[in-house]
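Position 197 (the sequence shown) corresponds to 234 in our numbering; numbering is contiguous.
Don't be surprised by glycine CBs; every beta carbon is placed ideally from N, CA and C.
This one's a predicted model, so the numbers in the text were calculated from it and none came from an experiment.
Note sheet for the following structure.
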Amino acid sequence: MSTERTLTDFVRALRSAEVDVSPAEAIDAARAMALVGYEDRARLKEGLRPVLAKSRADEEAYDRLFDLFFSRRAPDTSDTGGALGEDDENGEDQATREAGEAPDLLELSEADDETAIAMAMERAGREANIDNIRFSTQTAYFAQKMMQALGVERLETRLLDKLQEHTPQGDAEAERLIEARRDMLGRAREHVERQFEVFGAGETQRFREEFLAEKRISALDRSDMYRMQVLIEKLAKKLAVKYSRRRRKKNRGQLDIRRTLRRNAGLGGVPMELHWKQKRRDRPKIICICDVSNSVARHVRFLLLFLHGLREVVPDMRAYAFSARLGDVTDWLDTDGFEAAMERIVREFGMGSTDYGQAFSDMKVGHWNEIDRRATLIMLGDGRSNHGDPRTDLFREASARAKRTIWLSPEPEALWGTGDSELLRYKPYCDTLAVISTLKDLERAVDDVLAGYV
Numbered sequence: 038m039s040t041e042r043t044l045t046d047f048v049r050a051l052r053s054a055e056v057d058v059s060p061a062e063a064i065d066a067a068r069a070m071a072l073v074g075y076e077d078r079a080r081l082k083e084g085l086r087p088v089l090a091k092s093r094a095d096e097e098a099y100d101r102l103f104d105l106f107f108s109r110r111a112p113d114t115s116d117t118g119g120a121l122g123e124d125d126e127n128g129e130d131q132a133t134r135e136a137g138e139a140p141d142l143l144e145l146s147e148a149d150d151e152t153a154i155a156m157a158m159e160r161a162g163r164e165a166n167i168d169n170i171r172f173s174t175q176t177a178y179f180a181q182k183m184m185q186a187l188g189v190e191r192l193e194t195r196l197l198d199k200l201q202e203h204t205p206q207g208d209a210e211a212e213r214l215i216e217a218r219r220d221m222l223g224r225a226r227e228h229v230e231r232q233f234e235v236f237g238a239g240e241t242q243r244f245r246e247e248f249l250a251e252k253r254i255s256a257l258d259r260s261d262m263y264r265m266q267v268l269i270e271k272l273a274k275k276l277a278v279k280y281s282r283r284r285r286k287k288n289r290g291q292l293d294i295r296r297t298l299r300r301n302a303g304l305g306g307v308p309m310e311l312h313w314k315q316k317r318r319d320r321p322k323i324i325c326i327c328d329v330s331n332s333v334a335r336h337v338r339f340l341l342l343f344l345h346g347l348r349e350v351v352p353d354m355r356a357y358a359f360s361a362r363l364g365d366v367t368d369w370l371d372t373d374g375f376e377a378a379m380e381r382i383v384r385e386f387g388m389g390s391t392d393y394g395q396a397f398s399d400m401k402v403g404h405w406n407e408i409d410r411r412a413t414l415i416m417l418g419d420g421r422s423n424h425g426d427p428r429t430d431l432f433r434e435a436s437a438r439a440k441r442t443i444w445l446s447p448e449p450e451a452l453w454g455t456g457d458s459e460l461l462r463y464k465p466y467c468d469t470l471a472v473i474s475t476l477k478d479l480e481r482a483v484d485d486v487l488a489g490y491v
């Protein structure tokens, strides 16, 4: 395989793992490979890293894939006029195999020549297009395609002939053929599994993430939560980039024709210097109040994950938590890791009887001035207040002070207003009252919030 093909496949593997490599960066990587050479893998790894990996997550994926990809690949350098890979004592045999018929499986298995076997596996893998593997369930399919490329039909024909001889010699030969087939099939499966780790693991991970993003919060278990935390962090980065692009596009403004003509009057009216109308836009400011009481116990971790992720998107955010008494938890989200922050929030404010009225009273006494015409007020909770005074008057006042008011409830709409739910009484003062039952719901809600500042 040429160095160009090798690098192209490696870039494709990186992209399958969500490492963004542009065509220009791929060209730079080819130049870097030409400079540092192929023989010293450690040097090559360090030479390509700054070109292909731009973030910590990219570097982790790069290191994993480089070791997997280059641990067994050495390019065929016949088109480059030099030996960039390891010395190949069997170059003539390899050329014959590349151009002619497949090697004999029995000979390969019994020769105990790992180099020849590895070369045969590479050739068969290319013929079977195993780089297209996307899911682990395709392993058996691609392994069989490799066996066909290796000439398994000839081996099986010989096997049938020997079995039909009904002689001790024929039976012994049949056993050797069966063992050779078993050995080479095992090697083919291992080869496909390695290719899956390079080209397919990213696709499988995306599939799992898409499935998890659609899974209801109430159905999440502890094993889902670590993955959910990673997903919310990725979502936060995605939304931050999306918002900044929207804002840059909007900030281009409209051409100010009058000002442009006036400033270019001395140039005969030729508009050498353009001037744009600029509309002043507020930066996002969010006040988030999160219910961490017993009634939302199943959803607390998810709601706090949301708070933690939102902090990554909107620096100007104040976060408050309550069961009855309300407190500011912004600094905890900033200074503690998520697990430590969550434990502290739940310990200080969580798992008590819910009292929305008391929470709104505490908000007015200690933090009312934070709510202004630039702020979006986000409520996270089910609106169940244990039949206490919901203080809708205070919520109405808070809503009037804010730019927008959004209430996100983990409960389905059919339960609003039932039992001790006060959501229908709060609803008239909300610009948006929506259910967040999945990560997809959460993404839509945050995107809607940020859209209000573009």
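Determine contact between the stretch 340-349 and the stretch 402-413, defined as no fewer than three beta-carbon pairs at a distance below 8 Å.
-> no
For Met-400, the nearest candidate out of Asn-423, Val-383, Ala-361, Arg-381 (CA to CA) = Along the sequence shown, read from residue 1 onward, the residue named residue 400 stands at position 363. The residue with the shortest Cα to Cα distance from Met-400 is Ala-361.
Could you name the residues that DSSP lists as bridge partners for Met-416?
-> What you label residue 416 is simply residue 379 of the sequence shown in a count that begins at 1. Answer by DSSP bridge pairing, in chain order: Ile-326, Trp-444.
Nearest to Arg-438 by alpha carbon, out of Ala-50, Arg-411, Val-73, Cys-327?
-> Counted from its first residue, the sequence shown places residue 438 at position 401. Of the listed residues, the one whose Cα sits closest to Arg-438 is Arg-411.
Cutoff 8 Å; reference Thr-176; Cβ partners in own chain excluding five residues on either side | Here residue 176 refers to the residue found at position 139 of the sequence shown. These residues qualify, in order along the chain: Ile-170, Arg-226, Val-229, Glu-230, Phe-233.
Taking the alpha carbon of Pro-321 as the point to measure from, which residue in Leu-44, Arg-441, His-424 has its own alpha carbon closest?
-> Within the sequence shown, numbered from 1, the residue matching residue 321 stands at position 284. With distances taken between Cα atoms, Pro-321 lies closest to Arg-441.
Grouping DSSP H, G and I as helix and E and B as strand, with all else coil, what is Phe-106?
-> Along the sequence shown, one-based indexing puts residue 106 at 69. Three-state result, Phe-106: helix.
Beta strand (DSSP E) containing Leu-363: first to last residue?
-> Looking up residue 363 in the sequence shown gives position 326. Element bounds for Leu-363: 363-365.
At what residues does the beta strand (DSSP E) containing Thr-469 begin and finish?
-> Along the sequence shown, read from residue 1 onward, the residue named residue 469 stands at position 432. Unbroken beta strand (DSSP E) run through Thr-469: 469-472.
Contact set for Thr-45: own chain, Cβ-Cβ below 8 Å, skip 5 residues either direction = If you number the sequence shown from 1, residue 45 lands on position 8. Cβ neighbours of Thr-45 beyond the five flanking positions: Ala-63.
Measuring CB to CB, does Gly-364 end up less than 7 Å from Phe-386?
-> What you label residue 364 is simply residue 327 of the sequence shown in a count that begins at 1. What you label residue 386 is simply residue 349 of the sequence shown in a count that begins at 1. For Gly-364 and Phe-386, yes; Cβs fall inside 7 Å.
Residue from Val-88, Ala-94, Arg-68 whose Cα sits closest to the Cα of Glu-55 = Translated into positions along the sequence shown, residue 55 becomes position 18. Of the listed residues, the one whose Cα sits closest to Glu-55 is Ala-94.
Looking at C-alpha atoms only, which residue of Val-383, Asp-293, Ser-398 is the closest neighbour of Val-337?
-> Along the sequence shown, one-based indexing puts residue 337 at 300. With distances taken between Cα atoms, Val-337 lies closest to Val-383.
Evaluate Leu-414 with the Cβ neighbour count: other Cβ atoms within 10 Å of its Cβ, from every protein chain shown; 16 or more gives buried, anything less gives exposed.
-> Reading the sequence shown from its first residue, position 377 is the one you call residue 414. Result: buried.
Anyone know if the C-beta pair for Thr-241 and Phe-172 falls short of 7 Å?
-> What you label residue 241 is simply residue 204 of the sequence shown in a count that begins at 1. What you label residue 172 is simply residue 135 of the sequence shown in a count that begins at 1. Taking 7 Å as the Cβ cut-off, Thr-241 and Phe-172 qualify as a contacting pair.
Can a CB atom of chain C be found closer than 7 Å to the CB of Ser-458?
-> Here chain C cannot be found, since the structure has a single protein chain.
Does DSSP put Arg-421 in a helix, in a strand, or in coil?
-> Taking the sequence shown and counting its residues from 1, one reaches residue 421 at position 384. Arg-421: strand per DSSP, three-state reduction.
If you run the structure through DSSP and keep just helix, strand and coil, what is Phe-432?
-> In the sequence shown, residue 432 corresponds to position 395, counting from 1. In this structure, Phe-432 counts as helix in the three-state DSSP scheme.
If you drop the 5 nearest sequence neighbours on each side, which residues of the same chain put their C-beta closer than 8 Å to that of Gly-389?
-> Taking the first residue of the sequence shown as 1, we reach residue 389 at position 352. If we look at Gly-389 and ignore the five residues flanking it on each side, its Cβ neighbours are Ser-330, Asn-331, Ser-360, Ala-361.
Locate the beta strand (DSSP E) running through Arg-410, then write down its first and last residues.
-> Taking the first residue of the sequence shown as 1, we reach residue 410 at position 373. Note, Arg-410: premise wrong, no beta strand (DSSP E); not H, not E.
Assign His-482 to one of three DSSP states: helix, strand, or coil.
-> By one-based count along the sequence shown, residue 482 stands at place 445. According to the sequence as given, residue 482 is Ala; it is not His. If DSSP states are grouped into helix, strand and coil, Ala-482 belongs with the helices.
Where Val-48 and Lys-464 are concerned, what is the direct C-alpha to C-alpha distance, given to the nearest angstrom?
-> In the sequence shown, counting from the first residue as 1, residue 48 sits at position 11. In the sequence shown, counting from the first residue as 1, residue 464 sits at position 427. Their backbone Cα atoms lie some 51 Å apart in a straight line.
Hey, how far is the Cα of Arg-300 from the Cα of Ser-59?
-> Looking up residue 300 in the sequence shown gives position 263. Looking up residue 59 in the sequence shown gives position 22. Spanning the two alpha carbons is a distance of roughly 40 Å.
Sequence-distant residues of the same chain with beta carbon closer than 7 Å to Phe-179, five excluded per side | Stepping through the sequence shown from its first residue, residue 179 is reached at position 142. Here the set comprises Ala-165, Ile-167, Ile-170, Val-229.
Determine the closest residue to Glu-349 out of Gly-456, Phe-103, Val-278, with distance taken between C-alpha atoms.
-> The sequence position of residue 349 within the sequence shown is 312, counting from 1. Of Gly-456, Phe-103, Val-278, the residue nearest in Cα terms is Val-278.
C-beta contact flag for Leu-351 and Ile-323 at 7 Å | Along the sequence shown, one-based indexing puts residue 351 at 314. Along the sequence shown, one-based indexing puts residue 323 at 286. One detail in the question is off: residue 351 reads as Val in this sequence, not Leu. Yes, Cβ-Cβ distance for Val-351 and Ile-323 is below 7 Å.
Unbroken alpha helix (DSSP H) run spanning Phe-47, endpoints | As a working note, residue 47 is residue 10 in the sequence shown. Looking at the DSSP string, the run of the alpha helix (DSSP H) that includes Phe-47 is 40-53.
Thr-391 beta carbon less than 7 Å from that of Asn-423 = What you label residue 423 is simply residue 386 of the sequence shown in a count that begins at 1. What you label residue 391 is simply residue 354 of the sequence shown in a count that begins at 1. Contact: yes.
Can you give me the Cβ contacts of Lys-252 inside the same chain, cut-off strictly under 6 Å, excluding the 5 residues immediately before and after it?
-> Within the sequence shown, the letter at position 215 stands for residue 252. Excluding residues within five positions, none has a Cβ falling inside 6 Å.
Name the DSSP bridge partner or partners of Met-354?
-> Taking the sequence shown and counting its residues from 1, the one referred to as residue 354 is at position 317. Ile-323, per the DSSP bridge assignment.
Can the beta-carbon of Glu-480 be found closer than 7 Å to that of Leu-272?
-> Along the sequence shown, read from residue 1 onward, the residue named residue 480 stands at position 443. Along the sequence shown, read from residue 1 onward, the residue named residue 272 stands at position 235. Yes, the Cβ-Cβ distance between Glu-480 and Leu-272 is below 7 Å.
Taking 7 Å as the cut-off, decide whether the C-beta atoms of Val-472 and Ser-436 are in contact.
-> The residue labelled residue 472 in the question sits at position 435 within the sequence shown. The residue labelled residue 436 in the question sits at position 399 within the sequence shown. Cβ distance not < 7 Å, so Val-472 and Ser-436 don't count as in contact.
What separation, rounded to the nearest whole angstrom, lies between the Cα atoms of Arg-195 and Glu-159?
-> Here residue 195 is taken as the residue at index 158 of the sequence shown, counted from 1. Here residue 159 is taken as the residue at index 122 of the sequence shown, counted from 1. Rounded to whole angstroms, Arg-195 to Glu-159 spans 25 Å at the Cα level.
For Leu-292, name the three-state secondary structure that DSSP assigns.
-> The residue you call residue 292 lines up with position 255 of the sequence shown. Three-state DSSP puts Leu-292 in a strand.
Report yes if the C-beta distance between Ala-66 and Leu-85 is below 7 Å; otherwise report no.
-> Against the sequence shown, residue 66 aligns to sequence position 29. Against the sequence shown, residue 85 aligns to sequence position 48. Taking 7 Å as the Cβ cut-off, Ala-66 and Leu-85 qualify as a contacting pair.
Sequence-distant residues of the same chain with beta carbon closer than 6 Å to Leu-298, five excluded per side | The residue given as residue 298 occupies position 261 in the sequence shown. Excluding sequence neighbours, Leu-298 sits near nothing in its chain.
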